[in-house]
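Per the UniProt record's numbering, the sequence shown starts with residue 1, numbered consecutively.
Quick reminder that beta carbons are idealized off the backbone N, C-alpha and C, glycines included.
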Amino acid sequence: MPIEKLLQEDQDRDTILHIYTAKGMREYAIVAAEKMSRLRSIDAKEHHGKTALLVAVTANHPYIAHDLIMLGADINMVDDKGQTALHLAATYGFLEVIQVILSTATTIGLEILDFEGHTPLHCAVLTHNSMRRELNHDLTISPERQKELERRIVEVMACIKLLVQAGANVTSQDIKSSKSVLHLTVQEGNYLLLKFFLELNTGKDEDFVNMKAHSNTALHMAAALRNEIYQEEIIKLLLHHAADPSIRNLENEQPIHLVQPGEEGERVGNTSVRGLDLTCTFTDRNTRTSNCINHCRDKHGCFMFACSLKISIVFQLELAASSTFESN
Numbered sequence: 001m002p003i004e005k006l007l008q009e010d011q012d013r014d015t016i017l018h019i020y021t022a023k024g025m026r027e028y029a030i031v032a033a034e035k036m037s038r039l040r041s042i043d044a045k046e047h048h049g050k051t052a053l054l055v056a057v058t059a060n061h062p063y064i065a066h067d068l069i070m071l072g073a074d075i076n077m078v079d080d081k082g083q084t085a086l087h088l089a090a091t092y093g094f095l096e097v098i099q100v101i102l103s104t105a106t107t108i109g110l111e112i113l114d115f116e117g118h119t120p121l122h123c124a125v126l127t128h129n130s131m132r133r134e135l136n137h138d139l140t141i142s143p144e145r146q147k148e149l150e151r152r153i154v155e156v157m158a159c160i161k162l163l164v165q166a167g168a169n170v171t172s173q174d175i176k177s178s179k180s181v182l183h184l185t186v187q188e189g190n191y192l193l194l195k196f197f198l199e200l201n202t203g204k205d206e207d208f209v210n211m212k213a214h215s216n217t218a219l220h221m222a223a224a225l226r227n228e229i230y231q232e233e234i235i236k237l238l239l240h241h242a243a244d245p246s247i248r249n250l251e252n253e254q255p256i257h258l259v260q261p262g263e264e265g266e267r268v269g270n271t272s273v274r275g276l277d278l279t280c281t282f283t284d285r286n287t288r289t290s291n292c293i294n295h296c297r298d299k300h301g302c303f304m305f306a307c308s309l310k311i312s313i314v315f316q317l318e319l320a321a322s323s324t325f326e327s328n
């Protein structure tokens, strides 16, 4: 193939390598890639800033992606949105492509941020959230789409696990909102994904679970959830993993202050209290506040004191305390 034709671009700035790659024509792509590699043009970009490798990833062609990496394609090259091959594979939930990248490339930017401030792990979490939301909340979803989503959610979860195993930092926060993977999962009510991250046993559970995003912890976000069927379970899980209910945000609000008013809020408030290790006693209504103040050095005591200031939750405190005494 003449060099002129090899390097020629169409109206979309696609080279012949981009075209072969997009169509999945592996043998032709290898020949073109070998020649372009010698010409140091294997990372030529089309009109969206995508190299042939990025096109291979987007089209879910893991074998061609492998060939291009072996021929010298830059694994950390970004497109016009700042996305690397790993960002794209994570966003689309292409497990085989991620496996190829992690097993073939030598220097992988697991913590590179795209122009939205997201790492590849953030991208995978956002995709998992999006699929879960569609599966659980779209009332018009067809049985075929439901099965496809269920299959894809499993695949994206495998991508997340693979990224974590490869060393992706679960404490990384995005640039725009300072959200970690915990904040991203909690704000979508994604209980299963939250459980996975909390059970990683990082050795710094308390620091991890109490990270702030614009001054709000994951527990703040959990308390503020609306119409989320897993809200109680999420709050219990966070408290079990040392979430601190006494932390205040910039508005001086503790998580309990963000619980929605009314019957639903009281139910969640009751759940929050029951999730705590109640160690202070209530002899009568008059001594309740003083006992909680004395116990306020403990973070659980701070939470109980905050709850006791809310008349609607006083009765729930008594129920939680009495149930604890009965279990003893």
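Exercise for the section: Could you tell me if N252 is buried or exposed, where buried requires 16 or more neighbouring beta carbons within 10 angstroms of its beta carbon? Expected result: If you number the sequence shown from 1, residue 252 lands on position 252. N252 comes out exposed.
Problem - Cβ contact check for the stretch 119 to 132 and the stretch 171 to 188: 3 or more pairs under 8 Å - result: yes
Practice task
Please report how far the alpha carbon of L113 lies from the alpha carbon of S172, in whole angstroms.
Solution key: The residue given as residue 113 occupies position 113 in the sequence shown. The residue given as residue 172 occupies position 172 in the sequence shown. The straight-line gap from Cα to Cα measures roughly 10 Å.
Exercise for the section: Taking V125 as the reference, give the member of T217, E144, A168, I234 with the closest Cα. Expected result: Residue numbering aside, residue 125 sits at position 125 when the sequence shown is read from its first letter. Looking at the Cα atoms, A168 is the closest of the given residues.
Practice task
Counting only the same chain and skipping the five closest in sequence on each side, list residues whose C-beta sits under 8 Å from that of V55.
Solution key: In the sequence shown, the residue the question calls residue 55 occupies position 55. Cβ within range, chain order: H18, T21, A22, E46.
Practice task
Name the two residues that bound the continuous alpha helix (DSSP H) containing L110.
Solution key: In the sequence shown, counting from the first residue as 1, residue 110 sits at position 110. From DSSP, L110 is part of no alpha helix (DSSP H); its letter is neither H nor E.
Problem - Run of the alpha helix (DSSP H) containing S37, from where it starts to where it stops - result: In the sequence shown, residue 37 corresponds to position 37, counting from 1. 26 to 38 is the span of the alpha helix (DSSP H), which, as asked, contains S37.
Practice task
Provide the residue span of the alpha helix (DSSP H) that contains Q231, from first to last.
Solution key: Against the sequence shown, residue 231 aligns to sequence position 231. It spans 231 to 240 - the alpha helix (DSSP H) in which Q231 sits, taken as one unbroken run.
Exercise for the section: Measure the alpha-carbon distance for residue 409 versus K236 and round it to whole angstroms. Expected result: Because the chain in this structure spans residues 1 to 328, residue 409 falls outside the shown range and cannot be described.
Practice task
List the endpoints of the continuous alpha helix (DSSP H) containing K179.
Solution key: Numbered from 1 along the sequence shown, position 179 holds the residue referred to as residue 179. Segment: none, K179 is in no alpha helix (DSSP H) and carries neither H nor E.
Practice task
Ignore the nearest five residues each way along the sequence and tell me which others in S37's own chain have a CB closer than 6 Å to its CB.
Solution key: The sequence position of residue 37 within the sequence shown is 37, counting from 1. Excluding positions up to five away in sequence, the list reads L71, G72.
Exercise for the section: Would you mind stating whether A166 and L110 have Cβ atoms separated by less than 8 Å? Expected result: Working through the sequence shown from its first residue, we reach residue 166 at position 166. Working through the sequence shown from its first residue, we reach residue 110 at position 110. It is a contact, given that the beta carbons lie within the stated cut-off.
Handout entry: Entirely enclosed beta strand (DSSP E) segments - the stretch 114 to 140, minimum 3 residues
Key = none
Exercise for the section: For the stretch 136 to 143 and the stretch 74 to 91, state whether three or more C-beta atom pairs, one from each stretch, are separated by less than 8 Å. Expected result: no
Exercise for the section: Under the assumption that T104 contacts H66 (Cβ atoms under 8 Å), give the Cβ distance between them as a whole number of angstroms. Expected result: Sequence index remark: in the sequence shown, residue 104 carries index 104 (1-based). Sequence index remark: in the sequence shown, residue 66 carries index 66 (1-based). That belief holds up - the Cβ atoms of T104 and H66 are roughly 6 Å apart, short of 8 Å.
Problem - Meets three-Cβ-pair contact criterion under 8 Å: the stretch 207 to 214 and the stretch 224 to 234 - result: no
Handout entry: Alpha-carbon to alpha-carbon, N76 and L102
Key = Here residue 102 is taken as the residue at index 102 of the sequence shown, counted from 1. Here residue 76 is taken as the residue at index 76 of the sequence shown, counted from 1. Their backbone Cα atoms lie some 12 Å apart in a straight line.
Problem - Euclidean distance between Cα positions of L194 and V170 - result: In the sequence shown, the residue the question calls residue 194 occupies position 194. In the sequence shown, the residue the question calls residue 170 occupies position 170. Rounded to whole angstroms, L194 to V170 spans 11 Å at the Cα level.
Practice task
Identify every residue that forms a DSSP beta bridge with N216.
Solution key: Start at 1 with the first residue of the sequence shown, and residue 216 comes out as number 216. Its beta-bridge partners are A213.
Practice task
Can you tell me which of G93, E148, R145, P245 puts its alpha carbon nearest to the alpha carbon of K161?
Solution key: Position 161 of the sequence shown holds residue 161. Among G93, E148, R145, P245, the Cα nearest to that of K161 belongs to G93.
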